[in-house]
Amino acid sequence: MASAAKKKTIRTIPQARTPMPERDAKQRARSFQEVACGYSVEHALREAERCLLCPEPLCVDGCPVGIDIPEFIRRIGAKDFRGAYDTIAATNLLPAICGRVCPQENQCEGVCTVGETLEPVAIGRLERWVGDRALAEGWSSAPYIEPNGFRIGIVGSGPAGMACAADMAKAGCEVTVYEAFHEPGGVLKYGIPDFRLPNSVIDAEIENLRKLGVKFECNTLVGRLFTLEQMLDEMGYHAVFVGTGAGYPSMMGIPGESLNGVLSANELLTRCNLMRARDFPRFDTPLPAGKRVAVIGSGNTAMDALRVSLRLGAEKVHCIYRRSRAESPARAEELHHAEEEGIEFHWLTNPLEILGDAEAGKAGKVRGMRCIRMALGAPDASGRPRPVPVAGSEFEFAADLVVYAIGTNANPIIGQTSKLGLDKRGYIAADDALATSMAGVFAGGDIVTGAATVIEAMGAGRKAARSMQAYLGLGGAAPGGEKLFGIDPSEHNFTRLRAA
Amino acid sequence: MPSTPAVYEIVAREDFSDATFLLEIRHPRMARAARPGQFVIVMEHPEGERIPLTLADFDPGRGTITLVIQAVGKTTREMQQNCRVGGALHALVGPMGMPSVIGGAKKVACVGGGLGVAPMFPQARACKQAGAYVVGIVGFRSRSLVFWEDKFRSACDELIVCTNDGSAGMKGFVTDGVRVALERHPDLGELIAIGPPVMMKACAEATRARKVKTMVSVNPIMVDGTGMCGGCRVKVGDKVKFACVDGPDFDGHQVDFDDLMARLARFAAQEKSALERWSASCRMSQPPAEEPLELPDPFEEVRGG
Chain A
2 MASAAKKKTI
12 RTIPQARTPM
22 PERDAKQRAR
32 SFQEVACGYS
42 VEHALREAER
52 CLLCPEPLCV
62 DGCPVGIDIP
72 EFIRRIGAKD
82 FRGAYDTIAA
92 TNLLPAICGR
102 VCPQENQCEG
112 VCTVGETLEP
122 VAIGRLERWV
132 GDRALAEGWS
142 SAPYIEPNGF
152 RIGIVGSGPA
162 GMACAADMAK
172 AGCEVTVYEA
182 FHEPGGVLKY
192 GIPDFRLPNS
202 VIDAEIENLR
212 KLGVKFECNT
222 LVGRLFTLEQ
232 MLDEMGYHAV
242 FVGTGAGYPS
252 MMGIPGESLN
262 GVLSANELLT
272 RCNLMRARDF
282 PRFDTPLPAG
292 KRVAVIGSGN
302 TAMDALRVSL
312 RLGAEKVHCI
322 YRRSRAESPA
332 RAEELHHAEE
342 EGIEFHWLTN
352 PLEILGDAEA
362 GKAGKVRGMR
372 CIRMALGAPD
382 ASGRPRPVPV
392 AGSEFEFAAD
402 LVVYAIGTNA
412 NPIIGQTSKL
422 GLDKRGYIAA
432 DDALATSMAG
442 VFAGGDIVTG
452 AATVIEAMGA
462 GRKAARSMQA
472 YLGLGGAAPG
482 GEKLFGIDPS
492 EHNFTRLRAA
Chain B
97 MPSTPAVYEI
107 VAREDFSDAT
117 FLLEIRHPRM
127 ARAARPGQFV
137 IVMEHPEGER
147 IPLTLADFDP
157 GRGTITLVIQ
167 AVGKTTREMQ
177 QNCRVGGALH
187 ALVGPMGMPS
197 VIGGAKKVAC
207 VGGGLGVAPM
217 FPQARACKQA
227 GAYVVGIVGF
237 RSRSLVFWED
247 KFRSACDELI
257 VCTNDGSAGM
267 KGFVTDGVRV
277 ALERHPDLGE
287 LIAIGPPVMM
297 KACAEATRAR
307 KVKTMVSVNP
317 IMVDGTGMCG
327 GCRVKVGDKV
337 KFACVDGPDF
347 DGHQVDFDDL
357 MARLARFAAQ
367 EKSALERWSA
377 SCRMSQPPAE
387 EPLELPDPFE
397 EVRGG
């Protein structure tokens with residue numbers, strides 16, 4: 002097939018990137034329907050034409066899970082769509098999700114050879130198109146799985162847990178994923194809004210995991226209902242993966258934070274997305290109503306909170322960020338969409354105080370913020386210019402709802418309830434192979450690294466799965482067969498000993 | 097180890113008054129894991145909200161947990177109407193929060209008022225099991241609303257029942273009972289208070305001068321109960337704590353109760369409209385239900401604690 006492909010050069014390929022059909026900015030800003038509508042077959046074939054199929058592709062190295070990008074794009078071009086899906090699914094079981102939420106400009110597309118001269122190939126859009134097609138056609142990559150008798154427990158059903166579960170199930174393990182919420186999906190469900198990642202897509206990807214034999218147990222708070230130690234000692238798990246996320250939202254510690262009009266982006270998004278408060282009173286969970294909403298921070302969570310606020314009916318939605326647009330950690334597409342939808346950005350601005358309303362009957366309500374202008378100074382430890390306050394530039398800013406999206410800290414529950422070693426900041430300490438201080442327990446995602454991206458969490462889940470397989474001796478002898486030192490390796494105390 | 101049930105079956109229900117009712121729910125694993133002071137989050141139906149409720153009892157032998165609920169808002173009234181023996185809850189997660197630290201003092205007063213009466217029972221039982229002399233103080237509006245008196249007597253060495261009208265026990269609020277206990281027991285080592293914030297605040301004030309260690313169980317608004325949303329943040333001394341993972345028990349002399357009460361009113365308008373809309377829809381579908389003459393204290397809102 003490869004020989005049939007004509008030799009492409011940067012001059013012969015379509016020069017312009019195929020635009021993504023999107024809902025009109027004005028109309029979509031009040032709707033939770035998905036903004037980016039997705040490529041058609043014609044779009045996908047045209048964009049696939051733009052890939053040079055580099056023999057030494059940089060994009061694969063740019064992908065945290067190492068998808069064989071030229072191969073899947075080549076198969077799209079050859080109209081072997083199922084083959085394209087199988088190529089992606091070999092390393093990424095969740096293409097419909099990753100195609101939507103990965104920061105491709107910093108990953109595969111950031112290093113694309115075409116991107117040196119023209120706009121890079123729209124790898125993310127093509128991945129999403131393949132993922133959506135797979136969901137529509139009911140394709141799943143459920144291979145024949147030879148059960149190996151090992152039982153794996155996974156704590157947290159977010160992206161890290163889902164990726165680890167998929168790989169362990171494919172390796173033949175019996176996998177159970179525990180989730181504290183009443184629905185699986187983690188941050189994909191409670192955090193990322195429907196207009197960016199529809200719940201139906203997440204549910205379909207979870208259904209694919211079920212087809213691999215993965216069991217999901219919701220309403221289960223591991224650490225409190227049972228501990229990691231109990232999972233290994235009483236419940237018969239041979240290895241456990243912890244992917245509980247960062248969670249615990251940061252506050253700034255400025256006056257006025259306990260006012261009733263102040264909340265975390267996590268709370269706003271969870272109420273709106275998972276609990277469906279946007280459909281109050283049909284759903285019972287209430288939402289704080291804001292006419293002038295100010296969101297502090299400029300990461301992806303901030304973009305979600307800004308755009309959700311707009312859709313909930315706010316008249317004005319403001320983004321307050323202490324650095325400039327260039328330093329904004331948000332995915333380029335989200336920032337662009339937020340600007341299109343009419344979010345007002347206040348770069349180089351930092352809040353000093355949240356002002357309450359002293360008027361009778363309004364106690365506890367927010368009337369605004371006192372802010373200060375910032376200027377960029379010398380680079381700090383993160384390599385970004387350090388924002389420094391401009392003396393005498395304080396000003397007041399009217400707002401009735403203030404949303405914090407300035408990052409998160411480690412969720413403390415696993416640390417409180419196990420002997421697992423933590424680092425100074427409370428995150429789980431893990432080595433390069435994502436093994437923790439407890440034999441048989443692996444950890445990955447935000448609970449190890451601090452807040453990062455969905456695909457990085459998935460990458461960590463897959464890496465932990467590889468380490469787990471090595472720890473369990475998979476790829477070699479199956480338990481019940483060969484005995485090592487005369488001990489059946491299915492005895493988990495022995496397998497734990499082996500890693501110790 | 098018992099498994100997590102696929103359905104959260106209601107195995108018993110008891111109505112203590114026209115507003116207060118008990119649900120016993122099968123969950124063998126939780127019955128085994130639960131400790132005094134912990135709470136659960138419940139969803140009655142898929143469109144419902146998640147509400148935190150402090151555990152009123154747990155029995156590993158029976159494999160059940162017990163909740164005592166006051167029907168004051170839309171969700172809790174709906175539960176009062178819909179939860180029947182043989183039925184099930186949509187979601188039940190727990191136990192959540194740090195267990196109470198039991199066993200520090202030789203003589204302990206356990207105070208329960210309003211919604212906090214029932215959750216005081218596991219604390220009193222645990223204190224007694226730890227060898228403490230336990231003074232129980234529980235408050236009700238009147239004699240007809242008194243429940244679990246035998247249960248409390250079994251867990252306490254001394255029980256002070258307070259009623260607003262004096263129809264049972266002593267006349268007065270639980271804080272009056274606290275004053276009596278403090279006079280009777282100058283050697284009181286610790287006081288544990290569970291109930292509406294105004295009550296816990298009054299208890300903390302009563303013990304402050306005598307420097308009696310006072311632990312309270314706060315009941316702020318929550319969504320997830322796992323430290324993720326930050327809605328339940330409370331001011332404790334000069335720190336901000338999340339009740340769901342750092343609490344729900346805190347030093348009563350350090351908690352900013354005024355802040356707690358203000359934050360409990362965050363969704364007052366939405367809660368009122370939801371209740372009115374629901375009550376109206378109930379009236380349309382059935383003969384008018386008799387409204388309780390005296391509405392419970394708004395701070396007895398069923399949010400756990």
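Residue numbers (this note's numbering), protein chains in the order written: chain A, 2 to 501; chain B, 97 to 401.
All C-beta atoms, glycine included, are put in the ideal place defined by N, C-alpha and C.
Answer yes or no: do residue 399 of chain A and residue 293 of chain A have a C-beta to C-beta separation smaller than 7 Å?
Between residue 399 of chain A and residue 293 of chain A, the gap from beta carbon to beta carbon is short of 7 Å.
Fill in: Three-state secondary structure (DSSP) of residue 332 of chain A
coil
Does the beta-carbon distance from residue 205 of chain B to residue 139 of chain B come in below 7 Å? no
Excluding the 5 residues preceding and the 5 following residue 69 of chain A in the sequence, name in chain order all residues of the same chain whose CB lies nearer than 6 Å to its CB. 88
Quick one: does residue 195 of chain B have its CB under 7 Å from some CB of chain A? no
Inset, instruction - Just the chain B side, please: which residues come within less than 7 Å of residue 1 of chain A by C-beta, in chain order? - result: The requested residue 1 of chain A does not occur in the structure, where chain A is confined to residues 2 to 501.
### Message
Using only the alpha-carbon positions, how far apart do residue 107 of chain B and residue 351 of chain B sit?
### Response
37 Å
Quick one: what's got a C-beta closer than 6 Å to residue 494 of chain A's C-beta in the same chain, skipping five residues either side? In this prediction, residue 494 of chain A has a pLDDT of 42, which is less than 50 and means its spatial position is unreliable; nothing more can be read from the coordinates.
inquiry  = Tell me which residue opens and which closes the alpha helix (DSSP H) that residue 191 of chain A is part of.
reply    = 188-191
Inset, instruction - Could you tell me which uninterrupted alpha helix (DSSP H) segments, each at least 4 residues in length, are contained entirely in the segment 115-189 of chain A, listed from first to last along the chain? - result: 124-138 and 160-171
Here's the rule: buried if 16 or more other CB atoms are within 10 angstroms of the residue's CB, otherwise exposed. What is residue 252 of chain B?
buried
Could you pull the start and end residues of the beta strand (DSSP E) that residue 100 of chain A belongs to? Segment 96-102 is the alpha helix (DSSP H) holding residue 100 of chain A; no beta strand (DSSP E) there.
Practice problem: Following the continuous beta strand (DSSP E) through residue 428 of chain A, name the residue where it begins and the one where it ends. | Solution: Taken as a continuous stretch (DSSP letters only), residue 428 of chain A belongs to no beta strand (DSSP E), as it is neither H nor E.
- Query: Taking Cβ-Cβ distances below 9 Å as the criterion, which residues of the segment 310-328 of chain B are in contact with chain A?
  - Reply: 319, 320, 321, 322, 323, 324, 325, 326 and 327
- Measure the CB-CB distance between residue 55 of chain A and residue 13 of chain A and report whether it falls below 7 Å. Cβ atoms of residue 55 of chain A and residue 13 of chain A: not closer than 7 Å.
Check this for me: beta carbons of residue 244 of chain A and residue 154 of chain A, under 7 Å apart or not? no
For this session: Spell out whether any CB of chain B is found under 7 Å from the CB atom of residue 454 of chain A.
Result: No, because no Cβ of chain B sits closer than 7 Å to the Cβ of residue 454 of chain A.
inquiry  = Between which residues of its own chain and residue 477 of chain A is the CB-CB distance below 7 Å, once the five residues before and five after are set aside?
reply    = Note that residue 477 of chain A scores 45 on pLDDT, short of 50, meaning its location in the model is unreliable; the coordinates nonetheless yield the value given after this. Hits under 7 Å: none found.
- prompt: Between residue 104 of chain B and residue 184 of chain B, is the Cβ-Cβ spacing less than 7 Å?
  reply: yes
Let me know the secondary structure DSSP gives residue 484 of chain A once reduced to three states.
Its pLDDT being 41, under 50, residue 484 of chain A is placed unreliably in this model, and the coordinates cannot settle the point.
Would you tell me roughly how many angstroms separate the C-alpha atoms of residue 9 of chain A and residue 321 of chain A, rounded to the nearest one? 46 Å
field: Interface flag, residue 220 of chain B vs chain A, CB-CB below 7 Å
entry: Taking Cβ atoms only, chain A never reaches closer than 7 Å to residue 220 of chain B, which makes this a no.
In angstroms with no decimal places, state the Cα-to-Cα distance between residue 346 of chain B and residue 434 of chain A. 39 Å
#### Entry: Three-state class that DSSP yields for residue 320 of chain B in the structure shown
Correct three-state label for residue 320 of chain B: coil.
### Message
Is the separation between the beta-carbon of residue 335 of chain A and that of residue 65 of chain A shorter than 7 Å?
### Response
no
**Message:** Quick check on residue 304 of chain B - is its C-beta less than 7 Å from some C-beta in chain A?
**Reply:** no
Near residue 374 of chain B, what residues of its chain come up, given a Cβ to Cβ distance below 6 Å and the 5 sequence neighbours on each side ignored? 170
For a contact meaning CB atoms closer than 8 Å, what does residue 355 of chain B contact in chain A? 259
Q. Hey, is residue 274 of chain A's beta-carbon within less than 7 Å of any beta-carbon in chain B?
A. Chain B contact via Cβ: absent.
Can you pull out the residues from the segment 130-164 of chain B whose beta carbon lies closer than 8 Å to at least one beta carbon of chain A? 134, 139, 143, 144, 145 and 146
key: CA nearest to the CA of residue 122 of chain B, picked from B:190, B:176 and B:167   = B:190
Are the C-beta atoms of residue 358 of chain B and some chain A residue less than 7 Å apart?
yes
From residue 219 of chain A to residue 179 of chain A, what does the alpha carbon distance come to, in whole angstroms?
Those two C-alpha atoms are separated by around 6 Å.
| said: Using DSSP's beta-bridge definition, name the partner residues of residue 409 of chain A. | reply: A:250
Fill in: Interfacial residues, the segment 181-193 of chain A to chain B, with Cβ spacing under 8 Å
181, 182, 183 and 191
Exercise. Can you check whether the CB of residue 291 of chain B is closer than 7 Å to the CB of residue 232 of chain B?
Worked result: no
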